[in-house]
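Taken in sequence, the protein lines are chains W and G.
Its first residue numbered 5, the first sequence is counted upward by one per residue in this note's numbering.
Its first residue numbered 5, the second sequence is counted upward by one per residue in this note's numbering.
C-beta atoms are modelled at their ideal positions from N, C-alpha and C, and glycine is treated no differently.
A short write-up of the structure that comes next.
2 protein chains.
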Amino acid sequence: MKKVKIFDLTLRDGSHAKSHQFTPEQMAVLAEQIDSTGVAAIEFGHGNGLGGSALQYGFAAATDREYMEAVAPVVKNADLSIIILPGVGTRHELHLAKEFGAKYARMCTQITEVDIAEQHIKMAKQLGMIPIAVLPCAGIIPVKDTVRYTQMAESYGAEVIYLLDGGGYQLPEQTYERIAAMKKAVDVPIGFHGHNNLQLAVANSKAAVEAGAEYIDCCLKGFGAGAGNCPTEIFAAVMDRMEIDCGIDLYKTMDIAEQYLRPLMPRAMEVDNDRIMLGYAGCYSSFLLFAQRAGARYGVDPRDIIKEIGRRQCTEGQEDICIDVAYALAQKK
Amino acid sequence: MKKVKIFDLTLRDGSHAKSHQFTPEQMAVLAEQIDSTGVAAIEFGHGNGLGGSALQYGFAAATDREYMEAVAPVVKNADLSIIILPGVGTRHELHLAKEFGAKYARMCTQITEVDIAEQHIKMAKQLGMIPIAVLPCAGIIPVKDTVRYTQMAESYGAEVIYLLDGGGYQLPEQTYERIAAMKKAVDVPIGFHGHNNLQLAVANSKAAVEAGAEYIDCCLKGFGAGAGNCPTEIFAAVMDRMEIDCGIDLYKTMDIAEQYLRPLMPRAMEVDNDRIMLGYAGCYSSFLLFAQRAGARYGVDPRDIIKEIGRRQCTEGQEDICIDVAYALAQKK
Chain W
5 MKKVKIFDLT
15 LRDGSHAKSH
25 QFTPEQMAVL
35 AEQIDSTGVA
45 AIEFGHGNGL
55 GGSALQYGFA
65 AATDREYMEA
75 VAPVVKNADL
85 SIIILPGVGT
95 RHELHLAKEF
105 GAKYARMCTQ
115 ITEVDIAEQH
125 IKMAKQLGMI
135 PIAVLPCAGI
145 IPVKDTVRYT
155 QMAESYGAEV
165 IYLLDGGGYQ
175 LPEQTYERIA
185 AMKKAVDVPI
195 GFHGHNNLQL
205 AVANSKAAVE
215 AGAEYIDCCL
225 KGFGAGAGNC
235 PTEIFAAVMD
245 RMEIDCGIDL
255 YKTMDIAEQY
265 LRPLMPRAME
275 VDNDRIMLGY
285 AGCYSSFLLF
295 AQRAGARYGV
305 DPRDIIKEIG
315 RRQCTEGQED
325 ICIDVAYALA
335 QKK
Chain G
5 MKKVKIFDLT
15 LRDGSHAKSH
25 QFTPEQMAVL
35 AEQIDSTGVA
45 AIEFGHGNGL
55 GGSALQYGFA
65 AATDREYMEA
75 VAPVVKNADL
85 SIIILPGVGT
95 RHELHLAKEF
105 GAKYARMCTQ
115 ITEVDIAEQH
125 IKMAKQLGMI
135 PIAVLPCAGI
145 IPVKDTVRYT
155 QMAESYGAEV
165 IYLLDGGGYQ
175 LPEQTYERIA
185 AMKKAVDVPI
195 GFHGHNNLQL
205 AVANSKAAVE
215 AGAEYIDCCL
225 KGFGAGAGNC
235 PTEIFAAVMD
245 RMEIDCGIDL
255 YKTMDIAEQY
265 LRPLMPRAME
275 VDNDRIMLGY
285 AGCYSSFLLF
295 AQRAGARYGV
305 DPRDIIKEIG
315 RRQCTEGQED
325 ICIDVAYALA
335 QKK
């Protein structure tokens with residue numbers, strides 16, 4: 005029977021949806037419950053990973069160490085996972101993860117900037133953790149480039165390589181094509197992390213598995229950044245229907261989502277117009293506010309700016325381009 | 005360029021999500037707005053179609069005639085559509101639809117019971133309306149049976165035939181296979197109506213189009229029965245990405261959904277555990293309450309009852325079987 009490992013990110017990607025305000029106690033209660041469902045790994049803490057609690061990303065309700073102290077002791081069956089944005093998280097955070105027994109150290113960089121994860125991957129390996137490269141793209145890059153960056157990640161020592169559909173932009177056939185190409189190009193297993201901007205996170209995760217992905221990121225009730233992630237309980241139901249073993253106790257997962265997570269959710273996950281627009285255009289959410297401001301200043305629809313940003317395949321850090329785009333659109337009118 | 009027609013059901017399937025309490029005035033305001041977006045047809049009124057306002061389905065806030073009087077005059081671009089469950093709606097309701105200028109008369113029966121729609125289809129045709137057969141199945145029936153019932157519907161005179169994934173059970177490849185087979189088997193165009201129990205309504209609608217469906221049912225924000233339907237604005241975004249013309253002004257659709265529908269929604273559409281379970285099992289929502297009651301009586305998990313009901317492919321009207329199933333499950337324990 006085909007097998008898939010689920011990484012549960014309810015307490016990490018879901019932190020975004022709570023403005024990083026899970027308390028360590030809440031995390032411990034949820035982690036203990038999630039640990040009983042059969043997920044392969046549990047990731048937790050600030051939404052932007054270890055070291056993320058800072059002015060630019062928002063402060064979390066607790067420090068990385070406090071979250072570690074609360075969660076690590078209660079997780080008995082699953083493995084612990086941490087994620088780091090290289091630069092935001094440093095060697096200090098890798099040591100912290102090691103101290104608390106994390107098995108997986110995931111490094112998240114724009115797929116086109118995977119080279120900046122090299123040192124972190126190597127250090128995680130030296131510390132005895134399994135380094136994973138998590139490679140987001142907002143829109144989509146050509147298959148041959150996807151393959152090239154995947155091979156770079158493998159050359160640094162990544163032992164699993166994830167494609168992350170950061171904008172919820174991908175259509176299932178695009179996911180399939182890229183995951184299949186990645187799998188063919190490297191020896192290490194491939195993972196997928198989908199967002200739900202076009203309500204395709206489940207379909208994309210399914211397509212990824214069909215193309216050979218062995219690791220899928222999920223959150224209870226899809227609780228995650230922006231439009232949210234692939235909901236664990238729905239993904240598990242779909243896997244069961246396909247006779248693929250993802251190790252999950254479906255009823256228990258449903259019950260825990262409802263009894264333990266739902267009361268802590270500010271609201272049900274909803275795909276609002278902004279999220280749809282970002283997913284449609286393949287534009288990072290970090291551009292949203294800039295597009296809205298530039299649109300107001302130059303009297304153009306921010307959605308046209310977002311569309312153009314997607315067409316240009318801009319990445320995080322280039323948000324000021326919104327002004328140029330707005331100006332050009334205003335001239336055209 | 006490939007073309008798809010969107011039937012907007014916000015004011016009909018969405019009535020379920022409002023317990024049929026849209027006022028005629030609310031419907032008129034929304035219909036006028038939706039009419040400006042480019043949808044092919046607008047369906048409205050009680051969630052269970054014309055004649056549905058009754059004790060067994062719940063009374064609507066207004067009569068069929070009052071809804072007709074409010075909505076028909078404001079719809080200038082789209083065509084009007086009505087739906088009838090044969091038996092619930094009769095010749096009286098077909099005359100009413102004709103009186104107000106409905107172009108499409110859709111007859112909805114279990115796919116295995118399409119024969120009971122024969123008279124309604126023929127009468128709609130005699131009255132000069134375009135008869136459409138809408139064929140729900142909760143789970144899934146073999147392709148060859150799907151084809152056979154589709155051919156029966158065509159033989160009665162249906163000019164479009166819809167497959168309705170009533171339980172949100174279908175996986176995209178199952179939708180594709182069935183729509184492709186239906187298209188091959190008859191001369192009339194094929195439609196698809198998806199529900200979102202496994203968050204696959206968009207992916208299934210997309211798969212249906214890829215298999216040759218030319219009519220897709222959508223609702224603004226997915227506002228519809230149970231887990232909801234395929235959201236118009238997301239479907240339109242996906243079609244645009246695929247360079248398929250569905251006639252929709254995307255920005256206008258988003259704006260109307262937010263400004264006019266959102267304030268009338270009791271809550272955002274959310275796929276709760278019950279809906280996931282029904283979609284996973286392929287069980288009609290009408291069994292839910294019966295399964296819960298029988299489960300409590302015999303001390304078994306209602307979800308195991310729902311799963312068994314799906315396995316047996318029970319259809320609406322057979323809800324009492326829940327007791328037998330619960331008893332059998334209790335014996336097994």
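Looking at C-beta atoms only, is the number of pairs between the segment 82-97 of chain W and the segment 112-119 of chain W that lie closer than 8 Å three or more? Yes, the segment 82-97 of chain W touches the segment 112-119 of chain W.
ask   = In chain order, what residues of the segment 240-252 of chain W put their CB closer than 8 Å to some CB of chain G?
value = So the list reads A241, V242, D244, R245 and M246, given in the order they occur along the chain.
Along the chain, where does the beta strand (DSSP E) that runs through G/V138 open and close? Segment I134 to C141, the beta strand (DSSP E) holding G/V138.
Legend entry - Near-chain G residues of the segment 182-204 of chain W - C-beta to any C-beta below 8 Å: Of all residues in the segment 182-204 of chain W, N200, L202, Q203 and L204 have a Cβ within less than 8 Å of some Cβ in chain G.
With DSSP run on the structure shown, which of helix, strand or coil describes W/E209?
The sequence shown places Ser at residue 209 of chain W, rather than the Glu named in the question. Assigned with DSSP and collapsed to three states, W/S209 falls in helix.
_Whether or not the segment 308-324 of chain G and the segment 221-231 of chain G are in contact is what I'm after, with contact meaning three or more pairs of Cβ atoms, one per stretch, closer than 8 Å; do they touch?_
With a cut-off of 8 Å, the segment 308-324 of chain G and the segment 221-231 of chain G do not count as touching, because too few Cβ pairs lie within range.
Exercise. Taking G/Y61 as the query, report the chain W residues whose CB atoms sit under 8 Å from its CB, ordered along the chain.
Key: G/Y61 does not reach chain W, its nearest Cβ partner there being about 26 Å away, counting only Cβ pairs nearer than 8 Å.
Would you check if the distance between the CB atom of W/D4 and the CB atom of W/K80 is smaller than 8 Å?
This structure does not reach residue 4 of chain W, given that chain W is present from 5 up to 337, and the question cannot be answered.
| query | If we ignore side chains and look at the alpha-carbon of each, how far apart do W/H199 and W/P235 end up? | reply | About 10 Å.
Checklist entry - What does G/R307 touch in chain W if you count any residue whose Cβ is under 7 Å from its own? => result Within chain W, the C-beta atoms nearer than 7 Å to that of G/R307 come from Y255, in chain order.
Along the chain, where does the alpha helix (DSSP H) that runs through G/T179 open and close?
Element bounds for G/T179: P176 to A189.
CA nearest to the CA of W/E103, picked from W/M111, W/T113, W/C112 and W/S85 = Ranking the options by Cα distance to W/E103, first place goes to W/S85.
Can you tell me which of G/Q60, G/V43 and G/M5 puts its alpha carbon nearest to the alpha carbon of G/S290? For G/S290, the closest of G/Q60, G/V43 and G/M5 by C-alpha to C-alpha distance is G/Q60.
- Task: Determine the chain W residues that contact G/A215 at a beta-carbon separation under 9 Å, and present them in chain order.
- Result: For G/A215, no chain W residue has a Cβ inside 9 Å of its Cβ, as the nearest lies near 14 Å away.
So what's W/L254 in DSSP terms, helix, strand or just coil? DSSP places W/L254 within a helical segment (H, G or I) once states are collapsed to three.
I'd like to know whether the C-beta of G/P267 is nearer than 8 Å to at least one C-beta of chain W. No, because no Cβ of chain W sits closer than 8 Å to the Cβ of G/P267.
Pick from W/T319, W/I144 and W/E163: whose alpha carbon is nearest that of W/G132?
Of W/T319, W/I144 and W/E163, the residue nearest in Cα terms is W/E163.
| query | Considering only residues of the segment 89-126 of chain W, which uninterrupted beta strand (DSSP E) runs meet the minimum length of 3 residues and lie entirely inside it, listed in chain order? | reply | Every beta strand (DSSP E) of 3 residues or more that sits fully in the segment 89-126 of chain W is shown, in chain order, as 108-112.
Q) Is it a yes or a no for the segment 136-156 of chain G touching the segment 104-111 of chain G, going by three-plus beta-carbon pairs under 8 Å? A) Contact between the segment 136-156 of chain G and the segment 104-111 of chain G is present: three or more C-beta pairs spanning the two stretches fall below 8 Å.
Note to self: For a test of the three-state rule: what should DSSP assign to G/H20, helix, strand or coil?
What the structure shows: In the structure shown, G/H20 sits in a helix (DSSP, three-state: H, G or I).
Is any non-hydrogen atom of the ligand MN found closer than 7 Å to the C-beta of W/E73, if you look at the structure I gave you?
Ligands in the displayed structure: none, and consequently the ligand MN is not present.
- Residues sharing a beta bridge with G/K9, DSSP: Answer is G/Y219, bridged to G/K9.
Worksheet entry | Ranges of the alpha helix (DSSP H) found wholly within the segment 16-90 of chain W, counting only runs of at least 4 | Within the segment 16-90 of chain W, the runs of alpha helix (DSSP H) at least 4 residues long that lie entirely inside it are, in chain order, 17-21, 28-38 and 68-75.
For W/N277, decide whether its Cβ has a neighbour in chain G, counting only Cβ atoms nearer than 8 Å.
So, interface residue.
8 Å Cβ cutoff, G/E262 in contact with chain W: Under the Cβ criterion of 8 Å, G/E262 is counted among the residues facing chain W.
Practice problem: Name, in chain order, the residues that DSSP records as bridge partners for W/G198. | Solution: DSSP output for W/G198 lists W/D169 as bridge partner(s).
* Quick one: residues in its chain with C-beta nearer than 7 Å to the C-beta of W/G299, no 5 flanking neighbours on either side, listed in chain order? => Closer than 7 Å at Cβ, skipping near neighbours: D305, P306, I309 and A330.
TODO: Using the Cα positions of G/L34 and G/I260, report the straight-line distance between them to the nearest angstrom.
DONE: Straight through space, the alpha carbons of G/I260 and G/L34 are spaced by roughly 8 Å.
Answer yes or no: does any C-beta atom of chain W fall closer than 8 Å to that of G/P146?
-> No, G/P146 lies away from the interface with chain W (no Cβ there is under 8 Å from its Cβ).
Just to confirm before moving on: does the CB-CB distance between W/A65 and W/H20 stay below 8 Å? Here W/A65 is not near W/H20, since their CB atoms are 8 Å or more apart.
Taking 8 Å as the threshold, find out whether the segment 159-173 of chain W comes into contact with the segment 279-294 of chain W through three or more Cβ pairs. Contact holds: three or more Cβ-Cβ distances are below 8 Å.
- Reducing DSSP to helix, strand and coil, say where W/P270 ends up. Coil at W/P270, not helix or strand.
Chain G beta carbons: is any one of them nearer than 8 Å to that of W/I10?
-> Chain G, which has no Cβ nearer than 8 Å to the Cβ of W/I10, makes this no.
Q) What does a CB cutoff of less than 6 Å around W/D221 pick up in its chain, not counting 5 residues either side in sequence? A) Closer than 6 Å at the Cβ level, and outside the excluded window around W/D221, lie F11, L13 and H197.
Secondary structure of W/D324, DSSP reduced to three states: In the three-state scheme derived from DSSP, where H, G and I count as helix and E and B as strand, W/D324 is classed as coil.
> What span of residues does the alpha helix (DSSP H) with G/N277 cover, start to end?
Replying inline: Looking at the DSSP string, the run of the alpha helix (DSSP H) that includes G/N277 is N277 to A285.
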